[in-house]
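For reference, the structure is listed below as structure tokens.
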Amino acid sequence: MRALLQRVKASRVEINGSIVGQIEEGLMILLGVQEGDTPKHAEFLANKAANLRIFSDEAGKMNLSLLDKGLDALVVSNFTLAADCKKGRRPSFVKAGDPTVANGLYEHFVSQLKALGVKRVPTGEFGADMQVFIQNDGPVTILLDTDEIM
């Protein structure tokens, strides 16, 4: 499972011109579920995302987490995070999780963020064609991959 975290001043996701989820300051999380991912992967990444100290403290140092600051997280499913670009010029998505399983793990990730105490967790719509607007702060962009950190 991969999560691309972006510290944002604001972010929103639209479907057919309608806003389905938005936040002000917080984390924009693009979540990619891969073959072999389990609820434990979702729980691990949710805990890591909620507690990662990537927000500035009073001294301007990245020392506070999403939970420390009481901020929101906007979560959008993104199967393209499972892209394999090692061969050729067209990405392969064979490592992307089966949509039925992936949707359940995406929802589990969101529920885990809520259970950990993240203030608000709006989402996109799994499998939909979405437009994502991100006002990245910093920019701070962190890639978490359970294959590398679990």
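Each residue of the sequence shown is one higher than the one before, counting from 1 in the numbering used here.
Using N, Cα and C, we set each Cβ at its ideal position, and we do this for glycine too.
These numbers come from a predicted model, not from an experiment.
| query | result |
| --- | --- |
| Assuming Leu67 contacts Val118 under a Cβ cut-off of 8 Å, what Cβ separation, rounded to an integer in Å, is found between them? | 7 Å |
| Comparing alpha-carbon positions, which option in Gln34, Ile23, Asp129 and Tyr106 lies nearest Gln135? | Ile23 |
| Taking its Cβ as the centre, do 16 or more other Cβ atoms sit within 10 Å of Leu5, making it buried, or is it exposed? | buried |
| Which same chain residues, not among the five before or five after Leu143, have their C-beta less than 6 Å away from its C-beta? | Leu4 |
| Could you check the C-alpha separation between Asp57 and Gly70 for me, to the nearest Å? | 13 Å |
| Is it true that the CB of Phe109 sits closer than 9 Å to the CB of Leu45? | yes |
| Quick one: what's Thr160 bridged to in DSSP? | Not covered by the structure: residue 160. The range shown for the chain is 1 to 150. |
| On the DSSP bridge assignment, give the partners of Ala96 in chain order. | Gln34 |
| Rounded to a whole number of angstroms, what is the C-alpha to C-alpha distance between Glu25 and Asp137? | 9 Å |
| Can you have a look at Met150 and say buried or exposed, based on whether 16 or more other CB atoms are within 10 angstroms of its CB? | exposed |
| Would the segment 38 to 55 count as touching the segment 78 to 94 if we require 3 or more Cβ pairs under 8 Å? | no |
| Ile15 and Ala73 look like a contact to me (Cβ under 8 Å); what is the Cβ gap, rounded to whole Å? | Wrong, their Cβ atoms sit about 19 Å apart, outside the cutoff. |
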